[in-house]
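Only one structure is covered here, and it is reproduced in the block below.
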Amino acid sequence: MQIGHWLERVRAERPLVHNITNLVVTNIAANTLLALGASPVMAHAHEEVADMASIARAIALNLGTLDPYVVTSMDLASEAANRRGVPIVLDPVGAGATPYRTGAAMRLLDTRRVQVLRGNQGEIGVLTGAGGEVAGVDAKGAGAGLVDAMRRFARDRGLIVAATGEEDLVTDGEVVYELANGHPWEASITGSGCSLTAVIGAFVGVSDGTKGGLLEATVAAITCFNVAAEMAAEGAGGPGSFQVRLLDALHTLTARDVDARARIRRG
Amino acid sequence: MQIGHWLERVRAERPLVHNITNLVVTNIAANTLLALGASPVMAHAHEEVADMASIARAIALNLGTLDPYVVTSMDLASEAANRRGVPIVLDPVGAGATPYRTGAAMRLLDTRRVQVLRGNQGEIGVLTGAGGEVAGVDAKGAGAGLVDAMRRFARDRGLIVAATGEEDLVTDGEVVYELANGHPWEASITGSGCSLTAVIGAFVGVSDGTKGGLLEATVAAITCFNVAAEMAAEGAGGPGSFQVRLLDALHTLTARDVDARARIRRG
Amino acid sequence: MQIGHWLERVRAERPLVHNITNLVVTNIAANTLLALGASPVMAHAHEEVADMASIARAIALNLGTLDPYVVTSMDLASEAANRRGVPIVLDPVGAGATPYRTGAAMRLLDTRRVQVLRGNQGEIGVLTGAGGEVAGVDAKGAGAGLVDAMRRFARDRGLIVAATGEEDLVTDGEVVYELANGHPWEASITGSGCSLTAVIGAFVGVSDGTKGGLLEATVAAITCFNVAAEMAAEGAGGPGSFQVRLLDALHTLTARDVDARARIRRG
């Protein structure tokens, strides 16, 4: 599967991605999109979220530090996005850690058409009913039936489900891809998952919006990000310099780099 | 025009700059001010913004992720600043992108004495009536009559207007300066414009508050920041390392560096 | 005093630290905890803060950009923490700068059992009644009777008080430790004090909760952080690269490094 051309499409079209994200990662998510060649905007005021979502190519919703105000922001933005056909990527950070977070994630999934759900294996396990334990925002490993649960959830709800971890799993309910790129240091910096969610937004923003397009865009986004992480880790002295080099690598990454290093297995 | 001595004045006086800024750049704006040698404080609670603005040497207001709570914070802080003669720098991030943002910027300009308005060319074009297109928070180029519109707006309202871009334009309504320093990578990191706004706060904070003083302080702030960016770009491998080196360069920058590299043209 | 073994305990137990912190440092505080080997979570919604505090090993409360919503968040989280025996570390950023901040800090100290109070010498001087001046969030030096005031405050209220500065002072009301590690560049980056507060959270989270345990954990946390800062400063070109190297150093720091470099004097 050649997916490097997706990176070129993102850079050529420079899609505007509207992020309603958490307080920890607003900066790094914006910088990640800029480094990649996409265009980030952050906005959460009820007075403008629908306007902003309407001019975006994708919206990325992240539950990392949600509160009632932001929950309403996401509600308004996602309603506008659904109405205008703007794809939604949902990152249910900490689903399973408190009832409030799990409830907020499920309510969005129940009331809106979400195109891509991306979380770590613990969060996805909780939401798809596969089980798994979530302490804070760190996954403690998914239950055994994760792939089956993901596939069922994706098919029943008509969305793409991605569970990232040492290996990343992506499914549209039929096909399952196992992605093996990445570096352990991604878990030693905050916001790598959240930044990846924003990156998925950029890629689905340049897709045709079909199920096949969304699936391939998600696989391409995760693989590009993880190949950049591998390149960034070479020569880094720890998580601080890794993070800096990751932004550099996202900027200099080429389609050729991605296709040469991609480790995508159709399960 | 020798402006390096402004940098020395900032370092000697270490002005306290009270920022009410957006969620994306709070950290980098604070670090920029610290690296330069100024003293940042962030505060937005209605209970204390007036107190904080009153002890500051300048306040920097940034509309990047505004919401009704923060709009009121800015209202209270700017009222106190006007009463105490503390200069206000306004950064109308995303003006033109949504009616809410444009409205919030214009209301501040209409109800308060703002000393410096700084935005990218798209935002300034929208606010001064020159036209221009804003998608998200990225300018798509200003209309042709930008300089004339800026000059008129500055003269009518008695403030300094600065529009940054590949070349930066600064006017007090009479004189127009064209500033040619800077590096394209400033557009590849988030918050470079917002950090610059905070830096202008530090410089106008050590000015005498006259129109001539505010104009020269604004020119000096932009030039210092952009010279540091040029020095940071030398040897950087991408936007991640550029951002790190920019903080280092702001810290080690000398008045001599600035005067040797300054490219300031009186239009 | 050998305290390197505390670092190993933190890494082995990977304590979950629930932070309710300010908008400037959310990212760097999370990255600091991850680099060290602890597990951060940020949450402030009234609907979930008590749940999150209850599953944490420590909570870290930081008043840097407080507002009424967050004040209530801290109230709810600290109530749950007290009920469950989860230690609380309080960082009264800017106490003394405005009545609102001083009041919020004192109210938490009066209504909850706080285990560790850590601020700069100006903030601690204000709260303990020793005097001192606070402009914005920078201390301008503590009054002369700081050590006496700290000791009295700690004894009367049964908590650990830490005042950081060029030398750091830590007391449980009886013993006073003077800690001489650290580097001046810690004052040139934002959030180093706030990150240290989060780190103290990780260390007290693996303590036995006795007064002696809390005291030693606090001394160990400050010393580990400051030794990492010394190592980070070697070869850094300014505050930007210092911050990056600090995360790297926290990640690679060993108990042996800490014990070899620790400069702890019992006063």
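Chains as they are written, first to last, in full-length UniProt numbering: chain A, 1 to 267; chain B, 1 to 267; chain C, 1 to 267. Ideal Cβ placement from N, Cα and C applies to all residues, glycine included.
Exercise. Okay, do the segment 22-38 of chain B and the segment 68-77 of chain C touch, 3+ Cβ pairs below 8 angstroms being the bar?
Worked result: Inter-segment contact for the segment 22-38 of chain B and the segment 68-77 of chain C is absent: fewer than three beta-carbon pairs are separated by less than 8 angstroms.
Exercise. Whole beta strand (DSSP E) runs in the segment 91-130 of chain C with 3 or more residues, listed along the chain?
Worked result: Restricting attention to beta strand (DSSP E) runs no shorter than 3 residues, the segment 91-130 of chain C encloses them at 116-120, ordered along the chain.
Exercise. Name the residues in the segment 77-98 of chain B whose C-beta lies less than 8 angstroms from a C-beta of chain A; which are they?
Worked result: Within the segment 77-98 of chain B, the qualifying residues are Gly94, Ala97, Thr98.
Exercise. Which whole-angstrom value describes the C-beta separation of Val244 (chain A) and Ser241 (chain B), a residue pair presumed to lie in contact below a C-beta threshold of 8 angstroms?
Worked result: About 6 angstroms separates the two Cβ atoms, so the contact holds.
For this session: Just mark residue 304 (chain A) as buried or exposed, buried being the case when its beta carbon has 16 or more other beta carbons within 10 Å.
Result: In the structure displayed, chain A extends from 1 to 267; residue 304 (chain A) sits before or after that span and is not available.
Exercise. Taking 8 angstroms as the CB-CB limit, is Asn19 (chain C) close to chain B?
Worked result: Against chain B, the CB of Asn19 (chain C) has no partner CB under 8 angstroms away; the residue lies outside that interface.
For this session: Note down the Cα distance separating Val204 (chain C) from Ala35 (chain C), rounded to an integer number of angstroms.
Result: Annotation: Val204 (chain C) to Ala35 (chain C) spans about 17 angstroms, alpha carbon to alpha carbon.
Exercise. Leaving out five residues before and five after Ala221 (chain A) in sequence, what residues of the same chain have Cβ atoms less than 8 angstroms from its Cβ?
Worked result: Close CB contacts of Ala221 (chain A) within its chain, under the 8 angstroms cut and outside five residues either way in sequence, are with Trp6, Leu196, Val199, Ile200, Ala202, Phe203, Val204 (chain order).
Exercise. Which residues of chain A have a Cβ atom closer than 8 angstroms to the Cβ of Pro239 (chain B), listed in chain order?
Worked result: Neighbours of Pro239 (chain B) on chain A, chain order: Asn31, Leu34, Ala35, Leu247, Asp248, His251.
Exercise. Would the segment 14-22 of chain C and the segment 37-48 of chain C be scored as touching if the rule is three or more Cβ pairs under 8 angstroms?
Worked result: By the Cβ rule, the segment 14-22 of chain C counts as touching the segment 37-48 of chain C, because three or more pairs are nearer than 8 angstroms.
For this session: Within the same chain, show all residues whose beta-carbon is closer than 6 angstroms to that of Gln2 (chain A), passing over the 5 residues directly before and after it, in chain order.
Result: Asp259.
Exercise. Quick one: which chain C residues come within Cβ less than 9 angstroms of Asn226 (chain A)?
Worked result: For Asn226 (chain A), there are no neighbours in chain C by C-beta distance under 9 angstroms, as the nearest C-beta there is about 18 angstroms away.
Exercise. Taking Cβ-Cβ distances below 8 angstroms as the criterion, which residues of the segment 33-60 of chain C are in contact with chain A?
Worked result: Across the segment 33-60 of chain C, CB contacts with chain A closer than 8 angstroms involve Leu34, Ala35, Ser39, Pro40, Val41, Met42, Ala43, His44, Ala45, His46, Glu47, Glu48, Asp51, Met52, Ile55, Ala56, in sequence order along the chain.
For this session: Please classify His44 (chain C): does DSSP put it in a helix, a strand, or coil?
Result: His44 (chain C) falls in the coil class under three-state DSSP.
Problem set entry | 8 angstroms Cβ cut-off: residues of chain B touching Ser188 (chain C) | Correct list: Leu34, Ala35, His251.
For this session: Quick one: using the 10 Å Cβ neighbour count with 16 as the cut-off for buried, is Ala180 (chain B) buried or exposed?
Result: It is exposed - the Cβ of Ala180 (chain B) has fewer than 16 other Cβ atoms within 10 Å.
Exercise. Can we say the segment 182-197 of chain A touches the segment 146-161 of chain A, given the rule of at least three CB pairs closer than 8 angstroms?
Worked result: With the cut-off at 8 angstroms, the segment 182-197 of chain A and the segment 146-161 of chain A do not touch.
For this session: Return the residue from the list B:Gly64, B:Ala232, B:Ala262, B:Arg265 that minimises the CA-CA distance to Thr252 (chain B).
Result: Restricting attention to B:Gly64, B:Ala232, B:Ala262, B:Arg265, the CA atom closest to the CA of Thr252 (chain B) is found in B:Ala232.
Exercise. Val86 (chain B) and Ile59 (chain B) look like a contact to me (Cβ under 8 angstroms); what is the Cβ gap, rounded to whole Å?
Worked result: Between Ile59 (chain B) and Val86 (chain B) the Cβ distance is about 6 angstroms, and since that is below 8 angstroms, they are a contact.
Problem set entry | Spatial neighbours of Val219 (chain B) in its chain, beta-carbon cut-off 8 angstroms, leaving aside the 5 residues before and after | The beta carbon of Val219 (chain B) sits closer than 8 angstroms to those of Met1, Ile3, Val170, Tyr177, Leu179, Ile264, all from its chain and outside the five residues before and after it, given in chain order.
Problem set entry | Leu179 (chain B), enclosing beta strand (DSSP E) - first and last residue | Start and end: 176-179.
Exercise. What do you get for Glu123 (chain B), buried or exposed, if any count of 16 or more other CB atoms within 10 angstroms of its CB means buried?
Worked result: Glu123 (chain B) should be labelled buried.
Problem set entry | Proximity test, Cβ basis, 8 angstroms: Leu214 (chain C) and chain B | Not one chain B Cβ lies under 8 angstroms of Leu214 (chain C).
Exercise. Between Val244 (chain B) and chain C, is there a C-beta pair that is closer than 8 angstroms?
Worked result: Chain C contact via Cβ: present.
Problem set entry | Other residues of its chain near Ile20 (chain C): CB distance less than 8 angstroms, five sequence neighbours each side excluded | Excluding sequence neighbours, Ile20 (chain C) sits near Met42, Ala43, His44, Val49, Ile59, Ala60, Leu61, Asn62, Val70, Ser73, Met74, Ala77.
Exercise. With distances taken from CA atoms, which of B:Asn22, B:Ala236, B:Asn82, B:Arg107 is nearest Glu186 (chain B)?
Worked result: Selected option, being the one with the closest Cα: B:Ala236.
Problem set entry | chain B within 8 angstroms of Leu66 (chain C), Cβ atoms only | So, interface residue.
Exercise. What number of angstroms, rounded off, separates the C-alpha of Arg9 (chain A) from the C-alpha of Val227 (chain A)?
Worked result: Between Arg9 (chain A) and Val227 (chain A), the C-alpha separation is close to 17 angstroms.
For this session: Could you tell me the boundaries of the beta strand (DSSP E) in which Arg265 (chain C) lies?
Result: 264-266 is the extent of the beta strand (DSSP E) around Arg265 (chain C).
Exercise. Under 7 angstroms Cβ-Cβ, which residues of chain B neighbour Asn120 (chain C)?
Worked result: Neighbours of Asn120 (chain C) on chain B: none; closest Cβ ~13 angstroms, over 7 angstroms.
Problem set entry | Any C-beta of chain B under 8 angstroms from that of Gly235 (chain C) | Chain B, which has no Cβ nearer than 8 angstroms to the Cβ of Gly235 (chain C), makes this no.
Exercise. Mind checking if Leu23 (chain C) is an interface residue toward chain A, Cβ cutoff 8 angstroms exclusive?
Worked result: Closer than 8 angstroms to some Cβ of chain A, the Cβ of Leu23 (chain C) qualifies, so yes.
Problem set entry | Neighbourhood of His46 (chain A) by C-beta distance below 7 angstroms, restricted to the same chain and skipping five residues each side | Same-chain partners within the cutoff: Thr72, Ser73, Leu76.
Problem set entry | Ala162 (chain A) vs Arg118 (chain A) beta-carbon contact at 8 angstroms | Yes, they are a contact pair.
For this session: Kindly list, in the order they appear in chain A, the residues whose Cβ is closer than 8 angstroms to that of Tyr177 (chain B).
Result: Under the 8 angstroms cutoff, chain A gives no residues; its nearest Cβ is about 28 angstroms from Tyr177 (chain B).
Exercise. How about Ile124 (chain B): is its C-beta nearer than 8 angstroms to some C-beta of chain A?
Worked result: Look at Ile124 (chain B): its C-beta is not under 8 angstroms from any C-beta on chain A.
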